[in-house]
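First the structure, in the form of C-alpha coordinates, and then the observations on it.
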Amino acid sequence: MRARFAGGTARGGRLRGLASSGCENPAGGRCEVATGKVFDCVLCGSCVVDILVRPVRLDAAIGGGRLIHVEPIEVTTGGIVSNSGIAMARLGMRVAAFSLVGDDEWAS
8 MRARFAGGTA
18 RGGRLRGLAS
28 SGCENPAGGR
38 CEVATGKVFD
48 CVLCGSCVVD
58 ILVRPVRLDA
68 AIGGGRLIHV
78 EPIEVTTGGI
88 VSNSGIAMAR
98 LGMRVAAFSL
108 VGDDEWAS
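Just so you know, the sequence shown maps onto residues 8 to 115 in our numbering.
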(Lines of atoms letter the chains of each structure in order from A and count residues from 1; the text may use other names and numbers.)
(Lines give C-alpha, C1' and ligand atoms only; values in the text may rest on other atoms or scores of the structure.)
Protein backbone atom coordinates (compact mmCIF):
# COMPACT_ATOMS: atom_id res chain seq x y z
CA MET A 1 0.00 0.00 0.00
CA ARG A 2 1.34 3.44 -0.93
CA ALA A 3 0.24 6.72 0.62
CA ARG A 4 1.11 10.08 -0.88
CA PHE A 5 0.98 13.42 0.92
CA ALA A 6 1.50 16.73 -0.83
CA GLY A 7 1.78 20.22 0.63
CA GLY A 8 -1.16 22.52 -0.04
CA THR A 9 -3.65 24.91 1.46
CA ALA A 10 -7.10 24.50 2.98
CA ARG A 11 -9.40 26.99 4.72
CA GLY A 12 -6.70 29.63 4.86
CA GLY A 13 -4.22 27.28 6.52
CA ARG A 14 -1.02 25.61 5.42
CA LEU A 15 -0.21 21.93 5.39
CA ARG A 16 3.09 21.52 7.18
CA GLY A 17 5.26 18.48 6.99
CA LEU A 18 7.26 16.72 4.34
CA ALA A 19 6.60 17.59 0.71
CA SER A 20 5.74 14.05 -0.27
CA SER A 21 6.14 10.59 1.13
CA GLY A 22 5.58 7.02 0.13
CA CYS A 23 4.83 4.45 2.81
CA GLU A 24 5.02 0.72 2.33
CA ASN A 25 2.94 -1.33 4.78
CA PRO A 26 2.07 1.58 7.15
CA ALA A 27 0.30 -0.80 9.55
CA GLY A 28 3.39 -2.71 10.52
CA GLY A 29 6.47 -1.57 8.65
CA ARG A 30 8.69 1.43 8.33
CA CYS A 31 8.01 4.47 6.20
CA GLU A 32 10.66 5.70 3.77
CA VAL A 33 10.03 9.28 2.74
CA ALA A 34 10.97 10.76 -0.64
CA THR A 35 13.98 12.39 1.05
CA GLY A 36 15.39 8.92 1.74
CA LYS A 37 14.80 9.20 5.50
CA VAL A 38 13.24 6.25 7.29
CA PHE A 39 10.65 6.77 10.02
CA ASP A 40 9.08 4.36 12.48
CA CYS A 41 5.82 6.33 12.43
CA VAL A 42 4.29 9.13 10.36
CA LEU A 43 1.64 11.06 12.31
CA CYS A 44 -1.23 12.94 10.67
CA GLY A 45 -3.78 15.04 12.51
CA SER A 46 -4.17 18.14 14.63
CA CYS A 47 -1.56 20.25 16.38
CA VAL A 48 -2.84 22.99 18.66
CA VAL A 49 -1.60 25.57 21.13
CA ASP A 50 -2.54 24.75 24.73
CA ILE A 51 -2.81 27.77 27.04
CA LEU A 52 -2.54 26.58 30.64
CA VAL A 53 -3.84 28.83 33.42
CA ARG A 54 -3.51 27.71 37.02
CA PRO A 55 -6.69 27.70 39.15
CA VAL A 56 -7.57 30.78 41.20
CA ARG A 57 -8.79 30.75 44.80
CA LEU A 58 -12.55 30.59 44.99
CA ASP A 59 -13.03 31.57 48.65
CA ALA A 60 -14.19 35.04 47.53
CA ALA A 61 -16.59 35.93 44.73
CA ILE A 62 -15.05 36.79 41.36
CA GLY A 63 -16.63 39.69 39.55
CA GLY A 64 -17.46 43.34 39.94
CA GLY A 65 -14.71 44.43 37.57
CA ARG A 66 -11.95 43.17 39.87
CA LEU A 67 -8.64 42.00 38.53
CA ILE A 68 -7.68 38.51 39.61
CA HIS A 69 -4.03 37.61 40.02
CA VAL A 70 -3.15 34.27 38.42
CA GLU A 71 0.10 32.38 38.27
CA PRO A 72 2.10 32.77 35.04
CA ILE A 73 0.30 31.43 31.99
CA GLU A 74 2.08 28.59 30.21
CA VAL A 75 1.82 28.20 26.44
CA THR A 76 2.73 24.78 25.08
CA THR A 77 2.07 22.52 22.11
CA GLY A 78 -0.84 20.11 22.13
CA GLY A 79 -2.97 17.92 19.91
CA ILE A 80 -2.68 14.28 18.95
CA VAL A 81 0.19 14.75 16.47
CA SER A 82 2.30 16.86 18.81
CA ASN A 83 1.66 14.89 22.00
CA SER A 84 2.04 11.45 20.40
CA GLY A 85 5.06 12.52 18.34
CA ILE A 86 6.89 13.89 21.37
CA ALA A 87 6.13 10.74 23.39
CA MET A 88 7.30 8.42 20.59
CA ALA A 89 10.47 10.46 20.03
CA ARG A 90 11.26 10.29 23.76
CA LEU A 91 10.92 6.50 23.51
CA GLY A 92 13.55 6.51 20.75
CA MET A 93 11.31 6.23 17.69
CA ARG A 94 11.95 8.22 14.51
CA VAL A 95 8.76 10.14 13.75
CA ALA A 96 7.53 12.58 11.11
CA ALA A 97 4.41 14.74 11.35
CA PHE A 98 1.81 16.24 9.02
CA SER A 99 -0.60 18.85 10.33
CA LEU A 100 -2.73 21.68 8.96
CA VAL A 101 -1.54 24.95 10.49
CA GLY A 102 -3.82 27.99 10.75
CA ASP A 103 -3.11 31.41 9.31
CA ASP A 104 -2.86 33.41 12.55
CA GLU A 105 -0.19 34.70 14.96
CA TRP A 106 0.23 31.31 16.66
CA ALA A 107 1.04 29.66 13.32
CA SER A 108 4.06 31.87 12.62
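Even glycine gets a Cβ: it sits at the ideal position worked out from N, Cα and C.
Item, Value
"Per-residue burial, V49 [other beta carbons within 10 Å of its own, 16 or more giving buried]", "buried"
"Complete beta strand (DSSP E) runs within the region 54-94 (minimum length 3 residues, chain order)", "55-59, 81-85"
"Residue range of the beta strand (DSSP E) that includes L107", "102-108"
"Cβ-based neighbour list, H76, same chain, cut-off 7 Å, excluding 5 preceding and 5 following", "none"
"Option in R64, S53, G71 with minimal Cα separation from F105", "S53"
"Rounded straight-line distance, which links the Cα of L65 to that of G71", "15 Å"
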